[in-house]
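The working numbering runs 21 ahead of the 1-based position in the sequence shown.
Beta carbons: idealized from backbone N, C-alpha and C, even for Gly.
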Amino acid sequence: MEKRNLRKERIGKVTSDKMQKSIVVSEVKKVKHPMYGKFVLKTKKYVAHDEKNDCKIGDTVKIMETRPISKSKCWRLVEIIERAK
């Protein structure tokens, strides 16, 4: 049996849910500037597949890498960690 590689997982907040079965998830990282030493916020956006249209804006979610589903979607929703208040 062939062994499959581990898939990348990310945790972020849902910034858009206007598409059908798709969400935009923003991951924010604190990165130290190489020269000045100040911490800078870096934001990376991922388009993820949400089969049941469960997510709303502000939810904290976990997404996992998957095969390409469309031109921009190669992530899928694993679980909703925390609902927006």
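Expected contact under 8 Å - CB spacing of residue i and residue j to nearest Å
i, j, result
"residue 80", "residue 104", "6 Å"
Buried versus exposed call for residue i [16 or more other C-beta atoms within 10 Å across all chains shown]
i, result
"residue 91", "exposed"
"residue 52", "exposed"
"residue 46", "buried"
Residue i versus residue j: straight-line alpha-carbon distance, rounded
i, j, result
"residue 83", "residue 58", "30 Å"
"residue 87", "residue 67", "12 Å"
"residue 38", "residue 44", "5 Å"
"residue 63", "residue 50", "5 Å"
"residue 89", "residue 42", "14 Å"
"residue 33", "residue 23", "31 Å"
"residue 72", "residue 102", "16 Å"
Under 8 Å between C-beta atoms of residue i and residue j
i, j, result
"residue 77", "residue 35", "yes"
"residue 48", "residue 28", "no"
"residue 61", "residue 54", "yes"
(message) Going residue by residue through the region 32-72, where are the continuous beta strand (DSSP E) segments of at least 3 residues, counting only ones entirely within it?
(response) 43-53 and 60-70
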